[in-house]
């Protein structure tokens, strides 16, 4: 049985410089923009979870 896939359309408003930097990174890694975005979202979610965990441990 195939795993479920969830899709979400995303529009990003980024500068030309940001676009060029992302394009260079994806070309250097030989990955698609979609794959790069999925990795970036996953990294950000983990960062937030870690930060929230640390804040929970040390509320002050």
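In my numbering, the protein residues as written are 156 to 215. The beta-carbon is built from N, C-alpha and C at its ideal position, and this holds for glycine as well.
| query | result |
| --- | --- |
| In the DSSP assignment, find the alpha helix (DSSP H) that holds residue 203 and state where it starts and stops. | 188-212 |
| What would DSSP say about residue 185, mapped onto helix, strand or coil? | coil |
| I'd like the list of long-range same chain contacts for residue 169, defined as Cβ closer than 8 Å, with 5 residues on each side in sequence excluded. | 177 |
| Short check: CB of residue 202 to CB of residue 191, under 9 Å? | no |
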